[in-house]
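These notes concern the structure reproduced below.
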Amino acid sequence: MGGAVSNKVANNRVRVGVLGATGMVGQRFVQLLANHPGFVVTALAASDRSQGKPYGDACTWRLVGDMPAFVKSMVVQPPQPPLDCDVVISSLPSDVARAAEESFAHAGYPVISNASSFRMDADVPLLIPEINADHLDVLGRQRKERGFGSGYIVTNPNCSTIIMALALAPLHARFGIEAVIATTLQAVSGAGYPGVPSLDVVDNVLPFIDGEEGKMESETRKILGRSTGDGFENAPFAVSAQCHRVNVADGHMVAVRVKLAKRAGIAEVREALATYRSVPQELQLHTAPEHPVIVRDEKDRPQPRMDRDAGGGMSVTVGRLLPDSVFDFRFVVLGHNTIRGAAGAAILNAELLQARGLLSAKSGRENEPATTELRAR
Numbered sequence: 022m023g024g025a026v027s028n029k030v031a032n033n034r035v036r037v038g039v040l041g042a043t044g045m046v047g048q049r050f051v052q053l054l055a056n057h058p059g060f061v062v063t064a065l066a067a068s069d070r071s072q073g074k075p076y077g078d079a080c081t082w083r084l085v086g087d088m089p090a091f092v093k094s095m096v097v098q099p100p101q102p103p104l105d106c107d108v109v110i111s112s113l114p115s116d117v118a119r120a121a122e123e124s125f126a127h128a129g130y131p132v133i134s135n136a137s138s139f140r141m142d143a144d145v146p147l148l149i150p151e152i153n154a155d156h157l158d159v160l161g162r163q164r165k166e167r168g169f170g171s172g173y174i175v176t177n178p179n180c181s182t183i184i185m186a187l188a189l190a191p192l193h194a195r196f197g198i199e200a201v202i203a204t205t206l207q208a209v210s211g212a213g214y215p216g217v218p219s220l221d222v223v224d225n226v227l228p229f230i231d232g233e234e235g236k237m238e239s240e241t242r243k244i245l246g247r248s249t250g251d252g253f254e255n256a257p258f259a260v261s262a263q264c265h266r267v268n269v270a271d272g273h274m275v276a277v278r279v280k281l282a283k284r285a286g287i288a289e290v291r292e293a294l295a296t297y298r299s300v301p302q303e304l305q306l307h308t309a310p311e312h313p314v315i316v317r318d319e320k321d322r323p324q325p326r327m328d329r330d331a332g333g334g335m336s337v338t339v340g341r342l343l344p345d346s347v348f349d350f351r352f353v354v355l356g357h358n359t360i361r362g363a364a365g366a367a368i369l370n371a372e373l374l375q376a377r378g379l380l381s382a383k384s385g386r387e388n389e390p391a392t393t394e395l396r397a398r
């Protein structure tokens, strides 16, 4: 297993394999899982040019702080089964993600994907644990109809969608929503590395991000929709989005206008946002922030530099909450796009799956080495 983590160390913790481990989101997975009490990284996989190399040689570390020492000697594997792990977390590019993730699910692995390939499939949960934990009910249908056996696929949404949906969920639950208009200001880290050329984005705003607007419009309705047990019924309201790339390192901002189904005062709206709690907080999941939505009353907040790390990067911050002259209310919501919008979201999904009994630390079985288990798949 890459030689870096022994079966003894992994004992009683869920063993995680990271696909796309050398990319920006893959590095966030490694960083966030380095000291996780319930999970341990035991396998790393990436593209052809990285395979067969120690992770320390294959990966140019781009995050603040040093690469965790325990992964440096782990050998990078191909993104295909078998991998020495209990669950696969994927940040593969969309053009290769579908085939690779499906192969792992067929081989019996739970797959938690940050890619867009399966997000809108009728039998795949598009999961934000605070909002739609009940969407996991569809996994029985998915396993049966796709022939996955013990494997399955769960996805997390687009980074901007997650940030906006966390602010919309309390309002939809309390008052109902009839329409949403959203305008994003998205950080350059959302494009990965090397991402947007500096000569394109310095002293500039790019008013187009390929595919982003459609994702926000369709994914939001699925997330805030209703589980039917074997599928999903989209939320009935309309969403219109315009997306822009701006010269900010981390932190996506979304300016939102919302029309509610029920009349509400601004104090009621603020209270619904600020007091929002849900399943992850009730279960006290390790990565769950105490306050998933933070409301600030200063006239000039939130700001990326000051607010993107709220709740360890897992909270979103709402500010500029005001009555709107066209719809009912408007506000700005900000979140960390590579933590809450990507790696942290997938890890929180894994924690919910573990709490629901859908992940197990197979490496903890008495006298059963990990290699035997993989061969038995």
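Take 22 as the starting number for the sequence shown in the numbering used here and just add one per residue. Beta carbons: idealized from backbone N, C-alpha and C, even for Gly. Keep in mind that this is a model prediction, so the values were computed, not measured.
What residue ranges within the segment 298-357 form continuous alpha helix (DSSP H) runs of no fewer than 4 residues, ordered along the chain? Runs of alpha helix (DSSP H) with 4 or more residues, each lying fully within the segment 298-357, are found at 300-304, 325-328, listed in chain order.
Report the three-state DSSP secondary structure of Y173 (helix, strand or coil). Reduced to three states, the DSSP call for Y173 is strand.
Spatial distance of P103 from D87 (CA atoms): Taking the straight line joining both Cα atoms gives about 29 Å.
The alpha helix (DSSP H) spanning S239 covers which residue range? It spans 233-244 - the alpha helix (DSSP H) in which S239 sits, taken as one unbroken run.
Under 8 Å by Cβ, that's how I've got V92 and A79 pegged, so tell me the actual separation to the nearest angstrom. With a Cβ gap of about 10 Å, V92 and A79 do not count as contacting.
With H156 and S248 assumed to form a contact (beta carbons below 8 Å), what rounded beta-carbon distance in angstroms separates them? Right, the Cβ-Cβ distance comes to about 5 Å (below 8 Å), so this counts as a contact.
Could you check what DSSP says for V46 in three-state terms: helix, strand or coil? In the structure shown, the three-state DSSP call for V46 is helix.
So, helix, strand or coil for R162, using DSSP? Residue state, collapsed to three classes: helix.
Distance between beta carbons of T296 and L369, contact taken as under 8 Å: Going by Cβ atoms, the distance from L369 to T296 rounds to 20 Å, so no, they are not a contact pair.
Measure how close the beta-carbons of L373 and V300 come, nearest whole angstrom, since I'm counting them as under 8 Å. About 7 Å; that satisfies the 8 Å criterion.
DSSP state of R247, grouped into three classes? The DSSP-derived three-state label of R247 is strand.
Quick one, which of L160, H273, D271, M237 has its alpha-carbon nearest V260's? If we check each option's Cα against that of V260, M237 comes out closest.
Report yes if the CB atom of A366 is closer than 9 Å to the CB atom of I149, and no otherwise. In this structure, A366 sits near I149, with a CB-CB distance shorter than 9 Å.
What is the DSSP secondary structure of T182, counted as helix, strand or coil? Residue state, collapsed to three classes: helix.
For the alpha helix (DSSP H) containing F125, name the first residue and the last one. Run containing F125: 115-127, per the alpha helix (DSSP H) assignment.
Outcome for F229 when other beta-carbon atoms lying within 10 angstroms are tallied against a minimum of 16: By the neighbour-count definition (other C-beta atoms within 10 Å, threshold 16), F229 is an exposed residue.
To the nearest angstrom, report how far apart V354 and P191 are at their CA atoms. If you take the alpha carbons of V354 and P191, they lie about 13 Å apart.
Which residues in the same chain as P99 place their Cβ atom closer than 7 Å to its Cβ, once the five residues preceding and following it in sequence are excluded? Counting only Cβ-Cβ distances below 7 Å, and skipping sequence neighbours, we find A66, Q72.
Check whether the Cβ atoms of P325 and G272 lie closer than 9 Å to each other. Yes.
Hey, is the segment 116-124 in contact with the segment 338-349, meaning 3+ C-beta pairs nearer than 8 Å? Taking 8 Å as the limit for Cβ pairs, the verdict is that the segment 338-349 does not touch the segment 116-124.
Tell whether a beta-carbon distance below 9 Å holds between D107 and V35. Yes.
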